[in-house]
Structures are given as structure tokens and as C-alpha cells.
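Sequence positions in the first sequence follow my numbering and run 8 to 675.
Virtual Cβ for every residue (Gly too), placed ideally from N, Cα, C.
Owing to the predicted nature of the structure, the values given are computational and were not obtained by experimental measurement.
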Amino acid sequence: MTITVALPDGTERSLAAGATAADLAASIGKRLAADAVAAVVDGREVDLSTPLADGQSVAIVTRQSPEGRDVLRHSTAHVLAQAVCDLWPGAHYAIGPPIADGFYYDFSLPGDGHFSDEDLGRIEARMREIVAEDQPFVREEHSIEGGLALFADQPYKVEIIRGVAESAPATESGEVADAAEGVAAGGVSAYRNTAGFVDLCRGPHVPSTGRLGSFKLMRVAGAYWRGDEKRPQLQRIYGTAWESDAALGEHLHRLAEAERRDHRKIGAELDLFHFPPEIGGGLPVFHPNGALVRHLLESYSEQEHLASGYQLVWTPHLAKSTLFETSGHLGWYAEAMYPPMEMEGATYHLKPMNCPMHILVYASRARSYRELPMRLFELGTVYRFERSGVLHGLARVRALTQDDSHIFCAPEQLRDELVGLVSFVLRMLGAFGLTDFEAEVATRPDKFVGDEQEWEEATSALVEAVEAAGMPYVMAVGEGSFYAPKLDIHLRDAIGRRWQVSTLQVDLQLPQRFGLEYVGADNVRHRPYMVHRALFGSVERFMAMLIEHYAGALPVWLAPVQARVLAVRGDHEQYAADVAQRLAAGSVRVDVGPADEPLGARIRRAKLDKVPCVLVVGDDDIAAGTVGVNWRGASRPERGVPVDTLVADLAAVIGSHLGDGPPGKVLG
RNA sequence: GCCGACGUGGCGCAGCUGGUAGCGCAGGCGACUUGUAAUCGUCAGGUCGUGGGUUCGAGUCCCACCGUCGGCUCCA
Numbered sequence: 008m009t010i011t012v013a014l015p016d017g018t019e020r021s022l023a024a025g026a027t028a029a030d031l032a033a034s035i036g037k038r039l040a041a042d043a044v045a046a047v048v049d050g051r052e053v054d055l056s057t058p059l060a061d062g063q064s065v066a067i068v069t070r071q072s073p074e075g076r077d078v079l080r081h082s083t084a085h086v087l088a089q090a091v092c093d094l095w096p097g098a099h100y101a102i103g104p105p106i107a108d109g110f111y112y113d114f115s116l117p118g119d120g121h122f123s124d125e126d127l128g129r130i131e132a133r134m135r136e137i138v139a140e141d142q143p144f145v146r147e148e149h150s151i152e153g154g155l156a157l158f159a160d161q162p163y164k165v166e167i168i169r170g171v172a173e174s175a176p177a178t179e180s181g182e183v184a185d186a187a188e189g190v191a192a193g194g195v196s197a198y199r200n201t202a203g204f205v206d207l208c209r210g211p212h213v214p215s216t217g218r219l220g221s222f223k224l225m226r227v228a229g230a231y232w233r234g235d236e237k238r239p240q241l242q243r244i245y246g247t248a249w250e251s252d253a254a255l256g257e258h259l260h261r262l263a264e265a266e267r268r269d270h271r272k273i274g275a276e277l278d279l280f281h282f283p284p285e286i287g288g289g290l291p292v293f294h295p296n297g298a299l300v301r302h303l304l305e306s307y308s309e310q311e312h313l314a315s316g317y318q319l320v321w322t323p324h325l326a327k328s329t330l331f332e333t334s335g336h337l338g339w340y341a342e343a344m345y346p347p348m349e350m351e352g353a354t355y356h357l358k359p360m361n362c363p364m365h366i367l368v369y370a371s372r373a374r375s376y377r378e379l380p381m382r383l384f385e386l387g388t389v390y391r392f393e394r395s396g397v398l399h400g401l402a403r404v405r406a407l408t409q410d411d412s413h414i415f416c417a418p419e420q421l422r423d424e425l426v427g428l429v430s431f432v433l434r435m436l437g438a439f440g441l442t443d444f445e446a447e448v449a450t451r452p453d454k455f456v457g458d459e460q461e462w463e464e465a466t467s468a469l470v471e472a473v474e475a476a477g478m479p480y481v482m483a484v485g486e487g488s489f490y491a492p493k494l495d496i497h498l499r500d501a502i503g504r505r506w507q508v509s510t511l512q513v514d515l516q517l518p519q520r521f522g523l524e525y526v527g528a529d530n531v532r533h534r535p536y537m538v539h540r541a542l543f544g545s546v547e548r549f550m551a552m553l554i555e556h557y558a559g560a561l562p563v564w565l566a567p568v569q570a571r572v573l574a575v576r577g578d579h580e581q582y583a584a585d586v587a588q589r590l591a592a593g594s595v596r597v598d599v600g601p602a603d604e605p606l607g608a609r610i611r612r613a614k615l616d617k618v619p620c621v622l623v624v625g626d627d628d629i630a631a632g633t634v635g636v637n638w639r640g641a642s643r644p645e646r647g648v649p650v651d652t653l654v655a656d657l658a659a660v661i662g663s664h665l666g667d668g669p670p671g672k673v674l675g
């Protein structure tokens with residue numbers, strides 16, 4: 008008696024009746040059997056111990072696949088919960104899912120206890136004991152009532168079971184599950200280890216704890232039950248888990264690399280900016296080098312906008328509260344705005360957005376359809392009272408400068424305008440060496456204002472724009488802001504992290520709130536459409552991203568110091584100054600240092616300062632009118648380069664916005 | 001705002017179970033005159049985040065506050 012199952016590669020395999028997924032893996036190969044952590048049978052993830060039936064299609068899930076890693080992480084989370092329950096009898100465990108790069112588990116400890124960092128070591132030690140014991144994960148099926156009885160002393164589990172039982176009364180499908188927690192309409196599933204630890208769970212899990220091991224507990228954190236700050240705060244433990252120690256090591260190495268690139272650290276090292284406590288949290292000051300980088304970003308942005316049909320405007324930083332009542336900001340975001348200031352009987356607020364001001368520019372006189380689309384642009388600094396816990400260097404501040412534009416257009420111009428905008432975004436960001444984008448179209452949220460039909464139209468216009476640009480995108484259902492759908496553009500940096508930068512929003516509300524109009528060709532008044540958009544997002548955040556993307560080694564056109572001239576000996580200093588003078592005349596930002604230390608030490612300092620082009624001049628150069636050129640990223644310096652050639656190379660690389668080195672000698 | 005951790009000269013750190021602060025880098029000065037990632041010497045610099053408390057005595061212990069970091073929530 009045999010059964011036949013279909014494999015992903017299209018072949019079939021015969022097995023003895025009663026064979027499990029693990030048997031199948033073993034029959035295919037030793038390596039596969041060792042790497043197997045779960046299986047997919049007819050599209051459903053199951054344990055390896057699942058018996059197979061004739062005619063099923065089966066795929067083995069290996070530990071190094073994305074799905075396999077999730078299984079490992081999920082199983083490791085169970086072991087974490089088991090260890091915590093061993094060490095804190097009476098602890099309640101809530102949920103413990105796999106996440107990107109790892110897992111977490113949420114607990115509440117008896118007596119309102121908290122985990123401290125020292126506890127991680129004890130917990131991890133207990134986890135390693137559980138792994139060493141190689142306890143099997145055994146699946147159990149229970150009725151809803153049985154599940155409630157089983158977890159009678161676990162209030163969070165009871166809440167999960169009740170929640171599903173109530174919201175999805177016994178239907179045929181049984182597929183309505185709660186957050187992968189093992190509750191379906193018909194019953195609950197759980198996994199038990201020999202030690203008596205049992206957890207509500209959909210599975211699948213690895214066959215036994217011995218399959219785990221390449222994990223590390225990372226940190227403790229507070230986390231609200233069900234993500235709701237009105238509910239109790241639980242104690243969360245984060246961990247990371249991988250298929251091998253090597254993969255774990257690589258992950259830890261990536262974390263170290265991210266730390267090395269931290270813009271807050273580099274910002275201090277390169278003397279770019281800091282956050283004086285005397286000024287207040289989230290309020291940066293830019294030092295000369297940082298302000299120079301800002302200036303370069305901003306002036307480039309203004310120049311590109313002017314060349315692309317935008318008009319510059321300038322608006323003040325505060326306004327009467329009545330303006331923000333009209334715009335609706337006080338209604339929706341009052342708690343995130345700075346509190347009111349009373350002056351001469353009126354109430355003023357710092358502006359949290361530029362749009363109301365730009366609208367007043369539009370509304371300053373009657374507008375004709377001939378003026379549309381009207382694109383107003385401002386590097387506008389806005390103030391938002393971000394909660395203290397969310398501040399994060401330049402990436403999240405309380406005073407930020409948006410490269411903000413508001414475009415007023417006729418409804419029939421919207422599509423073309425959006426398509427043009429997306430290509431403008433790509434061109435602008437491309438100038439910074441950024442090319443790896445992904446868009447997200449955020450649709451109507453539960454809480455919204457306006458007409459559903461208009462929401463649909465605006466949303467589809469955004470989708471058309473992103474499709475026309477050929478940019479990959481995903482839909483973010485319900486993630487739009489209350490007044491508008493939006494198109495967010497994310498990019499991936501040099502180490503694969505996602506940053507949200509540009510955002511385009513089709514505003515359905517403000518033109519109406521402010522009663523905006525234009526006179527059409529038909530001599531009738533119409534309401535314009537309005538698009539909000541920022542390309543950098545905020546100048547501060549964009550700088551943070553650039554610094555981390557480039558690990559401080561900004562592209563030559565953005566480097567505060569583009570070239571440094573070093574004299575080999577004191578009596579070469581005059582020639583060094585002459586060379587610097589010639590570079591400066593060619594609009595290169597150059598400095599020159601004294602020969603007060605061995606050359607190697609001065610080279611090292613220039614490299615640490617991330618100077619893209621280090622120039623060394625000595626006897627040979629004075630004789631020949633040349634320089635020694637040490638480009639950042641080059642494997643070796645080049646001797647005897649004529650100064651004119653160098654000036655031309657620098658001008659070319661600066662003009663091209665390339666990263667390191669002159670065109671034709673691409674370095675990195 | 002909530003949970004946890006951390007605050008020692010500009011930066012990075014040491015300072016054990018309490019006995020009146022130390023190192024490296026950076027900085028000043030002097031010497032060295034250097035051909036591609038750290039020359040040597042010397043000097044100066046800290047009321048140990050702030051305010052209370054315990055103690056004969058607090059950088060070390062306790063409390064409060066401020067700030068930073070990691071998360072949660074939030075992000076127009």
C-alpha cells in the first residue's frame with residue numbers, strides 16, 4: 008500500500024501509507040531532512056510530523072528559506088515563553104510572533120514585575136537548557152471550551168480565544184484565525200513540550216527544541232497589549248534567530264554596521280550638527296560643515312524647482328489659530344502642535360504645516376484656469392510637538408524643514424500632474440545617487456472626511472502615476488491620512504534599510520475648506536484640486552538618510568571639504584597653497600594643512616574627515632607642476648597628475664554628482 | 001507620554017562589595033621636516049547630568065527631576 012505525492016519541481020514520489028512530511032524529506036535526501044523545519048501541504052503550512060495522503064502536493068520548508076526562518080523564530084519564541092514561565096512562575100504570556108530578523112514575546116509578570124537587562128542572560132541560559140533537552144513540540148487540537156479550560160489561568164490567551172469565538176461564530180471555513188495564534192472558528196490548536204509548557208498556536212513548529220540554537224535575546228521593551236496605549240503595557244523581549252550560527256553572526260555584523268553608520272555618531276565626528284540641551288530636545292543646531300551640506304541640498308532643490316515650473320514663495324512660522332481652525336489642523340492634530348501663544352488678544356500657533364499659508368497665496372486674488380497648474384514651492388520650516396520618546400537624531404525632530412510644494416490644478420490636469428511629479432521625484436533623488444525605490448499607495452482610512460467617490464478617483468490617479476513611472480508599488484490599505492490618499496516613496500539605502508522620503512497627497516478637503524476657486528474657460532467658477540508633495544520629506548531627515556547611506560562619505564558635490572592639499576615638507580607649503588588657490592578658482596572647496604606631522608598621520612586624518620580628494624605635493628611636483636592624487640575609494644594614489652587635469656577631473660565629478668573619483672576612473 | 005537601560009574632562013571609556021577621580025583620542029606648547037591611514041615629549045582640562053537623602057565619609061547606596069539610548073504608541 009503506497010501513496011503518491013507531487014513535489015514542487017513537478018515530479019511525483021511514492022511513499023508508504025502513513026508516511027509523514029518528515030519521511031518524505033528523508034526519502035529525498037539527508038541534507039534536506041536535516042534542513043527541514045516544516046512542510047507545505049496543498050498550500051497549508053504544517054508540521055513535519057503530519058501524515059501525508061495520496062494525491063497531495065507537498066513542499067518541504069527548509070530552515071534557511073524565509074518561511075523556514077519564520078518557523079525557527081516562532082519556535083524560538085515558544086522556548087522563550089517557556090523559559091520565562093520557568094523563571095517567573097505565574098507569568099502570563101500574550102503573543103510571540105516571528106518578525107523581520109527575529110521574534111518577540113510579550114509577558115506580564117506576577118506582581119507587576121519588569122524585566123531588566125540582566126534578566127536576559129538568565130532567560131537565555133534557561134532557553135539553552137530547553138534546547139539541549141531536545142523537547143518535542145506536540146500539536147494538540149481542542150474545542151473552544153477545551154481551549155478556554157486549558158488556558159484558564161492565562162488571561163491573554165483567554166481573551167484571544169474569546170475574541171475569535173465571538174467574532175466568528177462556528178462557520179464551515181474555520182479559517183478565520185487570530186493573528187496566527189491558533190484559534191479558528193471551530194476550535195483551537197496548541198503546542199505542548201514535555202516539560203508541561205503549552206502555548207496556543209497555529210504552528211507549524213520545528214519537531215523539537217533541539218533544532219533551535221542560533222538565537223540571541225536582544226533587548227527588553229514595553230509594549231501595549233494589542234498595540235493599544237489605553238490597554239495594559241506588557242513586557243516584551245526581542246530576540247533574533249537564524250538557521251545557523253554563521254547567519255546569526257552575519258546579522259549581528261549588519262547591526263554593528265548600522266551602528267557604525269548612525270548619523271548621530273557621524274554627525275558628531277564630522278562636526279555637522281548637535282542638539283544642545285539648552286535649546287531643547289529635537290531641536291538641532293547645524294555647525295558650519297552641516298549647514299554647508301544643508302545649503303547645498305537646499306539650493307540644489309530650489310534650482311531644480313525653478314527649472315521645473317515651480318514658483319518660490321515664503322511664509323512666516325506662526326499664524327493665528329483661526330487659520331489652523333479653518334485648515335482643520337487644530338481639530339485633528341492639536342495635541343501634536345505647540346500650545347497657543349496669546350498676543351494682543353489673538354491666539355497664535357507655530358505652523359505645523361505650510362499648506363494653509365500656501366493656500367492664502369493662491370487665494371490672494373482671483374485665479375484663471377490659464378494660471379493652472381500653479382506650483383508653489385517653499386523650504387518651509389514647521390514645528391511639531393513630537394512626543395519625547397519618538398525623537399531620533401535628525402530623523403525625527405521638532406523643527407523640520409519641508410521641501411514643500413502645493414500644486415493647484417484643474418481636475419482634468421491631475422493625472423498628468425501626478426505623472427510629471429513622480430518623474431521629477433526620481434530625477435531629484437537620482438542626483439543623490441539614490442536609485443532603489445518602492446512606492447506605497449495609502450488608501451482611505453476608517454476615519455476620513457469627504458466623498459468616497461472622490462477618494463476613489465484620487466487614489467486611482469496616484470496608482471496611474473506610479474504605474475506610468477514604472478516604479479514598483481504596494482497598496483497600503485487604510486493607511487492614508489484622514490483628508491487624502493497618498494503616494495509615499497521609500498528608498499533602500501546601501502545596507503538595505505527602507506527610508507520613507509517623498510510623499511504625494513491629493514487633497515480633497517483644503518480647497519473646499521478655504522473656498523478656493525478659479526475661473527474656467529467657460530467663465531464659470533470651479534474648485535481646483537490640490538496636491539501636497541515633499542521630495543526630501545524633510546531636509547533634516549534626508550540628511551540623516553544620506554549620512555547613513557554614505558556612512559558619512561558624502562558624494563563629492565556634497566562634501567563640505569572636497570579636496571585637501573598636504574605638503575610633504577614645510578618648504579613645500581607655498582606650492583601647496585598655490586595648488587589650493589588654483590582649485591578654489593575652479594570652485595572646489597579646498598583646504599590646506601601645515602606639515603606639522605608625518606604625512607601618514609595627515610593622510611589618515613583627511614581620510615577620517617571623509618575628504619574625497621587628498622592631494623600630496625613634494626619636490627617632484629614642484630619640479631613638474633603636478634600633484635599626487637589620493638581619491639577616496641581608490642586602491643592606490645596616483646602620482647604626477649598635472650594640476651589642470653586635476654581641476655578638470657574635480658569639476659567633472661562635482662558636476663556629475665558622482666560618488667567618488669573622476670568619471671572614467673569610477674571608484675565607488 | 002509609557003517600559004527598560006544609561007548619564008564620569010570636547011569624544012570614547014576605567015573606577016571591585018562606599019574611603020576625597022584615572023586612561024586613550026582630541027586640544028595648547030616644544031622638538032621632529034616627513035611621498036600616501038597614528039613621530040616623540042610636555043602641559044592643561046572634570047563641583048562624576050541636576051536637586052535632595054542615608055553615612056564619619058557618596059562617582060559608587062536611596063528618592064525625585066532632566067537628558068540620552070532601545071522599544072511601544074504616534075508621525076498631518
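Sub-8 Å separation of residue i and residue j beta-carbons
i	j	result
LEU401	MET550	yes
ASP42	PRO211	no
VAL508	LEU436	yes
GLY36	GLU250	no
VAL648	VAL636	yes
VAL568	LEU665	no
LEU498	PHE444	yes
GLY229	GLN240	yes
LEU615	VAL634	no
PRO452	PHE489	yes
LEU304	VAL546	yes
PRO617	LEU277	The amino acid occupying residue 617 in the given sequence is Lys; Pro does not appear at that position. It is a contact, given that the beta carbons lie within the stated cut-off.
Simplified DSSP state of residue i, which is helix, strand or coil
i	result
ALA655	helix
LYS493	strand
ALA66	strand
LEU674	No answer about LEU674 holds up, because its pLDDT of 49 lies below 50 and its placement is not dependable.
THR201	coil
GLU182	Confidence is the limiting factor: at GLU182 the pLDDT is only 40, short of 50, which leaves the residue's position unreliable and the question unanswerable from this model.
PRO176	Low confidence applies here, because PRO176 scores a pLDDT of 48, under 50, leaving its location unreliable; read the following figure in that light. Three-state result, PRO176: coil.
HIS664	coil
ARG20	strand
VAL526	strand
LYS37	helix
GLN569	coil
THR280	One detail in the question is off: residue 280 reads as Phe in this sequence, not Thr. If DSSP states are grouped into helix, strand and coil, PHE280 belongs with the strands.
PRO143	strand
Of the listed residues the options, nearest to residue i (C-alpha basis)
i	options	result
ALA248	TYR111, ILE496, GLU555, ALA558	TYR111
TRP321	MET348, PRO15, LEU367	LEU367
LEU383	PHE415, THR354, ASP160, LEU622	PHE415
HIS99	ALA326, VAL205, ARG267	VAL205
ILE661	ARG576, ALA566, ALA641	ALA566
LEU262	MET225, VAL595, GLU147, HIS149	MET225
For residue i, the residue or residues it bridges with in DSSP
i	result
ASN637	VAL621
ARG243	ASP113, ALA228
ILE414	ARG382, VAL538
PRO649	THR633
LYS223	THR247
TRP506	LEU498
Close-in-space but distant-in-sequence residues of the same chain around residue i (CB under 6 Å, 5 per side omitted)
i	result
ALA84	GLY103, PHE110, TYR112
ASP411	ASN361, GLU385, GLY387, ALA541
HIS312	PHE384
PHE331	LEU337, HIS356
THR466	THR450, PRO492
Neighbourhood of residue i by C-beta distance below 7 Å, restricted to the same chain and skipping five residues each side
i	result
GLY217	VAL138, ASP141
GLY316	ARG382
PRO584	Note that residue 584 is Ala in the sequence shown here, rather than Pro. Closer than 7 Å at the Cβ level, and outside the excluded window around ALA584, lie VAL599.
GLU580	ALA574, PRO601, ALA602
GLY632	PRO649, VAL650
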